[in-house]
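Peer 1: Residue numbers (the numbering used here): 1153 to 1688. Positions of the beta carbon are idealized from the N, C-alpha and C atoms, including for glycine. Small disclaimer: the values here were computed from a predicted structure and weren't measured.
(1) Have a look at the DSSP bridge pairing and note the partners of residue 1404.
(2) Between which two residues does the alpha helix (DSSP H) harbouring residue 1485 extend?
(3) I'd like the span of the alpha helix (DSSP H) that includes residue 1496, first residue to last.
(4) According to DSSP, is residue 1126 helix, strand or coil?
(5) Kindly identify the DSSP beta-bridge partner or partners of residue 1336.
(6) Would a check of beta-carbon distances place residue 1353 closer than 8 angstroms to chain D?
(7) Taking DSSP as the reference, what is the three-state secondary structure of residue 1326?
(8) Does DSSP put residue 1206 in a helix, in a strand, or in coil?
(9) Short check: CB of residue 1548 to CB of residue 1525, under 8 angstroms?
(10) When the Cβ atoms of the region 1649 to 1667 are set against those of the region 1205 to 1224, are three or more pairs found closer than 8 angstroms?
(11) In angstroms with no decimal places, state the Cα-to-Cα distance between residue 1554 and residue 1605.
(12) Three-state secondary structure (DSSP) at residue 1464?
(13) For the region 1586 to 1614, list the alpha helix (DSSP H) runs that are entirely contained and at least 4 residues long, ordered along the chain.
(14) Checking the sheet assignment: what are the DSSP bridge partners for residue 1154?
(15) May I have the straight-line CA-CA distance separating residue 1651 from residue 1179, to the nearest angstrom?
(16) Quick one: using the 10 Å Cβ neighbour count with 16 as the cut-off for buried, is residue 1351 buried or exposed?
(17) Which residue spans inside the region 1215 to 1271 form an unbroken alpha helix (DSSP H) run of at least 4?
(18) Give me whichever residues DSSP pairs with residue 1302 in a beta bridge.
(19) Less than 6 angstroms between C-beta atoms, sequence neighbours within five positions excluded: which residues of the same chain meet that for residue 1559?
(20) According to the Cβ coordinates, are residue 1232 and residue 1584 closer than 8 angstroms?
(21) Does the region 1520 to 1535 come close enough to the region 1465 to 1479 that 3 or more CB-CB pairs lie under 8 angstroms?
(22) If I measure Cβ to Cβ from residue 1639 and keep anything under 7 angstroms in the same chain, skipping five residues before and after, which residues do I get?
(23) For residue 1169, count the other beta carbons within 10 Å of its own beta carbon; 16 or more makes it buried, fewer makes it exposed. Which is it?
(24) Which two residues bound the contiguous beta strand (DSSP E) that contains residue 1201?
(25) Using a Cβ-Cβ cutoff of less than 8 angstroms, which residues in the same chain neighbour residue 1315 once the five nearest sequence positions on both sides are dropped?
(26) So, under 8 angstroms CB-CB, residue 1304 and residue 1247 are touching, yes? Tell me the CB distance rounded to an integer number of Å.
(27) Can you tell me which of the three DSSP states residue 1174 falls into?
(28) Helix, strand or coil for residue 1633, going by three-state DSSP, please let me know.
(29) Three or more C-beta pairs under 8 angstroms: does that hold for the region 1250 to 1261 against the region 1293 to 1303?
(30) Within the region 1520 to 1552, note down every full beta strand (DSSP E) run reaching 3 residues or more, in order along the chain.
(31) Please tell me whether residue 1503 and residue 1534 are closer than 8 angstroms, where the distance is taken between their beta carbons.
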């Protein structure tokens, strides 16, 4: 039996309650208390002196794309580019410096109009990306991942004709000619130009992403890598290989997307019966659906039209009939459902489907809504009455505060990103980053949850500050709240006896430091199941 004691720490238990030390036996916390009480059991134990540092449960990112975090590290980095010209320069530099990676095309992700502080503030289009190359396809996805820009070569190779229309998507045109901007399902022909990722490349991407995650104190990741844009069997095989070879540094819980309900049935018959997914390291989770688009692309389904595009109410990526078919199948199979919903109309329509096919208001399957950005209090109350889990990404406020200006009416903004209101309604919230849409960094995310400011630290008093979370509420949402979303709150997300020894030791006290300091905090040690996966 392996036994470890962490002592001389400030071990977070719950709001206002801290211990000094804890005892870990075979990956599980068996005792928590004072230095004196825990060190009295030191015989046969490895000892770790926390040197007075704060210890919190390991962060559980409730929604992201872990494999994509690794994959995007081999593509053009566009996050936080400050101008269209900078995006072009980054693409040109990639082509010049990494020709072996650009042979079949140039791929990138992360641009956002709200970060363009120099030059024109508009979407990138084919004319911009033709300046990167006219010989190979150039495809740059926006930060939200629901909109992309491509060059003329990509349009040509994808066979985009003047009259092509794709249900559930938008091809932007000027004078009937595609501008190179594609939204939602219309992205599929362009994305098909990107060569399929090999199993070896996937394993490498997953391994690199896991190493990055644990360096940030993340010990669990609820990841949507099993999507219709990739071969789910190949992705699962890569993940299994990572764990079988002892390289699975953190716990993963898959949010799974499929092309049709029959594929979900096959998944339940074949994959969910596999003993490889019966442990607590690598597990299969809910069905993941997409109802609408994004705020940045003006494709989120809203009940009032966008102020700067008065004929636009967003894009219905999944029809009500499709949603009903998916949820009926999931209910029959007792599979939980989580759905991407950003606009209030998308939330309302999806909630109606949940109410029909999952009638128990206790929500025993832990069905949830991911993002849930544009809301109103009546809608939140209706959700809370059914105990709907909301998967929030506070870090989206870095760019969305600016993106809403002139787009969403102030009276609607006031009741949106309503973290505190939903929590006060007694409802579960689970925090995450949707990385690589935003960086995986939990401390930047915590900062946005408690400060409610954009990347420039504005507005000064915070964006509708009544919706700020306390640091304890934010950490709980990132730990025990995210574990609740998985149905694992009884064994993960707290530093108490009987819980898995997933934790991180911080370089400063997140509970007492200034708000602006939170985003600079870094772990000095991370443990998963009592094993040190980062640090000493």
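Peer 2: Walking through what the data contain:
(1) Paired residues: 1373 and 1434.
(2) For residue 1485, the enclosing alpha helix (DSSP H) stretches over residues 1472 to 1485.
(3) Here the alpha helix (DSSP H) through residue 1496 covers 1496 to 1509.
(4) Nothing can be reported for residue 1126, as the shown portion of the chain is limited to 1153 through 1688.
(5) Residue 1336 is bridged to 1321.
(6) Note that chain D does not occur in the displayed structure, where there is just one protein chain.
(7) Judged by DSSP in its simplified three-state form, residue 1326 adopts strand.
(8) In the three-state reduction of the DSSP assignment, residue 1206 falls in the strand class.
(9) Yes, the Cβ-Cβ distance between residue 1548 and residue 1525 is below 8 angstroms.
(10) Proximity of the region 1649 to 1667 to the region 1205 to 1224 meets the contact definition, three or more beta-carbon pairs being nearer than 8 angstroms.
(11) Distance from the CA atom of residue 1554 to the CA atom of residue 1605, rounded to whole angstroms, is 10 angstroms.
(12) The answer is coil: DSSP assigns residue 1464 none of H, G, I, E or B.
(13) For the region 1586 to 1614, whole alpha helix (DSSP H) runs of length 4 or above, ordered along the chain, are 1594 to 1603.
(14) Partner(s): none; residue 1154 has no beta bridge.
(15) So the two alpha carbons sit approximately 9 angstroms from each other.
(16) By the 16-neighbour rule on beta-carbons within 10 angstroms, residue 1351 is exposed.
(17) For the alpha helix (DSSP H) assignment, the uninterrupted runs of no fewer than 4 residues enclosed by the region 1215 to 1271 are, from N- to C-terminal side, 1218 to 1224 and 1236 to 1249.
(18) Per DSSP, the beta-bridge partners of residue 1302 are 1291.
(19) Excluding residues within five positions, the ones whose Cβ falls inside 6 angstroms are 1458, 1459 and 1460.
(20) Not closer than 8 angstroms, so no.
(21) As far as the Cβ criterion goes, the region 1465 to 1479 does not touch the region 1520 to 1535, which means the pair count is below three.
(22) Here the set comprises 1518.
(23) Counting Cβ neighbours within 10 Å, residue 1169 comes out exposed, since fewer than 16 surround it.
(24) Following the DSSP letters along the chain, one finds residue 1201 inside the beta strand (DSSP E) bounded by residues 1198 to 1201.
(25) For residue 1315, there are no CB contacts under 8 angstroms within the same chain when 5 residues up- and downstream are skipped.
(26) Approximately 16 angstroms separates the beta-carbon atoms of residue 1304 and residue 1247; this is outside 8 angstroms, ruling out the contact.
(27) The answer is strand: DSSP assigns residue 1174 an E or B state.
(28) In the structure shown, residue 1633 sits in a helix (DSSP, three-state: H, G or I).
(29) Judged by Cβ distances under 8 angstroms, the region 1250 to 1261 makes contact with the region 1293 to 1303, as three or more pairs qualify.
(30) Whole beta strand (DSSP E) segments, 3+ residues: 1520 to 1523 and 1541 to 1544.
(31) Residue 1534 is positioned such that its CB atom lies closer than 8 angstroms to that of residue 1503.
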